[in-house]
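Start counting the sequence shown at 62; every next residue gets the next number (our numbering).
Only one structure is covered here, and it is reproduced in the block below.
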Amino acid sequence: MEVDGARIFVPGATGELGSALARCLHSRGAVLHLAGRDETALRTLRGQLPGVWTSTFDAYELDACAALTRRAAERMGGLDAVVTCVGVPAFGPADHISDAVAEHLMTVNAQAPIAFLRAALPLMEPGGVLAALTGVVAGNPPPHMADYAAAKAALAAWLEAVGKEQRRRHVALIDLRLPHIDTGFADRAIAGRPPHLPPGLPVAAAVESVMAALVDARTVSGRAS
Ligand SMILES: NC(=O)c1ccc[n+]([C@@H]2O[C@H](COP(=O)([O-])OP(=O)(O)OC[C@H]3O[C@@H](n4cnc5c(N)ncnc54)[C@H](OP(=O)(O)O)[C@@H]3O)[C@@H](O)[C@H]2O)c1
Numbered sequence: 062m063e064v065d066g067a068r069i070f071v072p073g074a075t076g077e078l079g080s081a082l083a084r085c086l087h088s089r090g091a092v093l094h095l096a097g098r099d100e101t102a103l104r105t106l107r108g109q110l111p112g113v114w115t116s117t118f119d120a121y122e123l124d125a126c127a128a129l130t131r132r133a134a135e136r137m138g139g140l141d142a143v144v145t146c147v148g149v150p151a152f153g154p155a156d157h158i159s160d161a162v163a164e165h166l167m168t169v170n171a172q173a174p175i176a177f178l179r180a181a182l183p184l185m186e187p188g189g190v191l192a193a194l195t196g197v198v199a200g201n202p203p204p205h206m207a208d209y210a211a212a213k214a215a216l217a218a219w220l221e222a223v224g225k226e227q228r229r230r231h232v233a234l235i236d237l238r239l240p241h242i243d244t245g246f247a248d249r250a251i252a253g254r255p256p257h258l259p260p261g262l263p264v265a266a267a268v269e270s271v272m273a274a275l276v277d278a279r280t281v282s283g284r285a286s
């Protein structure tokens with residue numbers, strides 16, 4: 062896709078990867094609607110990135126997530142891409158993870174991203190791109206991350222299946238399957254403590270790979286890692 066002038070909705074833009082991606086997309090001429098939970102972080106982004114629209118959301122309000130996609134498209138005068146950067150981890154053996162934590166992980170990592178992307182489907186024109194940050198855990202689930210990995214795998218499966226559905230419409234669904242990145246994400250776990258992790262990919266390198274996947278987006282479901 063051509064990033065310059067593209068109208069792009071970024072849920073999760075208040076996070077480390079989402080905000081770095083938003084800055085990069087803005088520098089390349091994209092028209093942006095940024096969404097996050099943290100109003101202070103959104104205010105900072107508005108100050109840094111002239112002309113962007115912003116909105117708050119909570120991942121638990123799935124109807125509101127879907128409505129926000131439609132509002133973003135209205136404000137921008139159309140929608141060329143959605144890149145969802147929403148997520149939260151938890152760590153520990155499966156029998157130490159409560160059902161409430163498991164539900165939280167599935168909601169934030171799978172159901173909310175799917176709600177944003179599903180609402181975008183009828184709004185997309187040929188050449189449109191719908192993308193989500195999943196993670197290598199989607200295809201290679203490690204111990205002590207079963208529910209987080211299961212949620213990312215659910216999102217990845219949805220992207221793959223819908224990519225097949227959308228092929229004739231020339232709308233690309235992209236599974237951004239990133240490795241461990243140095244964002245402090247693991248330290249924001251809602252339960253458990255992360256294992257010792259080797260140094261991750263720098264944020265700039267992760268954003269570069271996301272940008273490459275968006276630019277190269279083909280009209281089939283793709284996976285970028
Ligand atoms: N960092 C890694 O190693 C890594 C590797 C592979 C994939 N990923 C994926 O990349 C994405 C971004 O990760 P990151 O490292 O940038 O983490 P991050 O800085 O913690 O960003 C997480 C984002 O998710 C949002 N979020 C979390 N819970 C939410 C909720 N209940 N309602 C609304 N928004 C919520 C946060 O919003 P607020 O900040 O506004 O609260 C933030 O925008 C995630 O999907 C993650 O799974 C990360």
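Positions of the beta carbon are idealized from the N, C-alpha and C atoms, including for glycine.
DSSP state of residue i, grouped into three classes?
i      : result
Arg89  : coil
Ala108 : Residue 108 is actually Gly in this sequence, not Ala. Here Gly108 sits in helix by DSSP.
Asp99  : coil
Ala267 : helix
Pro183 : helix
Asp277 : coil
Leu239 : coil
Ser116 : strand
Leu129 : helix
Thr168 : helix
Given a cut-off of 8 Å on the beta-carbon distance, is the pair residue i and residue j in contact?
i      : j      : result
Arg68  : Met167 : no
Ala83  : Val190 : no
Asp243 : Ala217 : no
Pro187 : His231 : yes
Gly224 : Leu234 : yes
His94  : Trp114 : yes
Ala212 : Ala155 : no
Between the options, which lies nearest to residue i when the distance is taken from Cα to Cα?
i      : options                       : result
Ala133 : Val92, Asp156, Pro111, Tyr121 : Val92
Pro205 : Val268, Gly153, Gly66         : The question names Pro, but residue 205 is His in the sequence shown. With distances taken between Cα atoms, His205 lies closest to Gly153.
Gly253 : Gly76, Ala163, Thr105, Leu129 : Ala163
Ser270 : Asp65, Ala127, Pro72, Leu78   : Leu78
Pro260 : Val268, Ala247, Val113        : Ala247
Met272 : Phe70, Pro72, Cys85           : Cys85
Arg107 : Cys126, Glu122, Ala74, Ala128 : Ala74
Gly76  : Phe70, Val64, Met62, Ala102   : Ala102
Can we count residue i as close to ligand 1, meaning its CB is less than 7 Å from some heavy atom?
i      : result
Cys85  : no
Ile175 : no
Val144 : no
Leu239 : yes
Asp119 : yes
Gly76  : yes
Asp99  : yes
Gly196 : yes
Per the contact definition of three or more C-beta pairs closer than 8 Å, is the region 148-160 in contact with the region 95-111? no
Mind the definition here: the region 118-126 touches the region 167-176 only if three or more C-beta pairs lie below 8 Å; say whether that holds. Taking a cut-off of 8 Å for Cβ pairs, the region 118-126 and the region 167-176 touch, as three or more such pairs fall below it.
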